[in-house]
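Residues in the sequence shown are numbered from 50 upward in steps of one, following the numbering used here.
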Amino acid sequence: MSGRRVWRARALGLLWLAAGPVAASGVDGLWQQFDDDGRLNSLVRIETVGGQVQATIVKGYPVPGRPADADVRCGRCPGELRDRPLIGLRFLWGLKGSGPAWDDGQILDPEDGAIYRAKATLSDDGSRLTVRGYLGVSLFGRSQVWRRHTGPAD
Numbered sequence: 050m051s052g053r054r055v056w057r058a059r060a061l062g063l064l065w066l067a068a069g070p071v072a073a074s075g076v077d078g079l080w081q082q083f084d085d086d087g088r089l090n091s092l093v094r095i096e097t098v099g100g101q102v103q104a105t106i107v108k109g110y111p112v113p114g115r116p117a118d119a120d121v122r123c124g125r126c127p128g129e130l131r132d133r134p135l136i137g138l139r140f141l142w143g144l145k146g147s148g149p150a151w152d153d154g155q156i157l158d159p160e161d162g163a164i165y166r167a168k169a170t171l172s173d174d175g176s177r178l179t180v181r182g183y184l185g186v187s188l189f190g191r192s193q194v195w196r197r198h199t200g201p202a203d
């Protein structure tokens, strides 16, 4: 191999090694989740564990008619998730992928206890995450756009 080819191979290898951790953790962190009316609903922590993305509720925000955070439980959730406090509840799990897109996950809707298939796409600038829950095929679902939380975990 010529010197130039060796240099290119090494440079590409270093770029691949440098980009790997960034791509895997680009979605990790705190995210603001909004309800369908555009009100800030909760703060969630996303982390990559074993190559899969999962999300846990860190904090709920006041909503008229809803009890305080410590009192809110997942009364309609199935199985072992039933009656667990919403704070600390892992409600999104199993997303696989890298870079800007993940799929093959599941998402729990704590309002009705239903579990849907899930996928997520990170915006080019990393500030927005589009999360889609759906039944069967992605056409039959709904999306939410979460915003990256830049402040402290409150």
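Even glycine gets a Cβ: it sits at the ideal position worked out from N, Cα and C.
Item: CB contact flag (G190, R181, <8 Å); Value: yes
Item: Local Cβ density within 10 Å of S74, reported as buried at 16 or more and exposed below that; Value: Reliability of the predicted coordinates at S74 is poor, the pLDDT of 49 falling under 50, and no value is obtained from them.
Item: Neighbourhood of L130 by C-beta, 6 Å cutoff - its chain only, sequence neighbours within 5 removed; Value: C123
Item: Cβ-based burial, L178 [other Cβ within 10 Å; buried from 16]; Value: buried
Item: Segments of 3+ residues assigned as beta strand (DSSP E) that fall wholly inside the stretch 131 to 160; Value: 139 to 147 and 150 to 158
Item: Between the CA atoms of V194 and D77 - distance to the nearest angstrom; Value: 15 Å
Item: Close beta carbons around L89, own chain, < 7 Å, minus the five adjacent residues each side; Value: Q81, F83 and Y110
Item: Supposed contact pair D153 and L144 - C-beta distance, whole angstroms, cut 8 Å; Value: 7 Å
Item: Check whether C126 and L171 have beta carbons under 8 Å apart; Value: no
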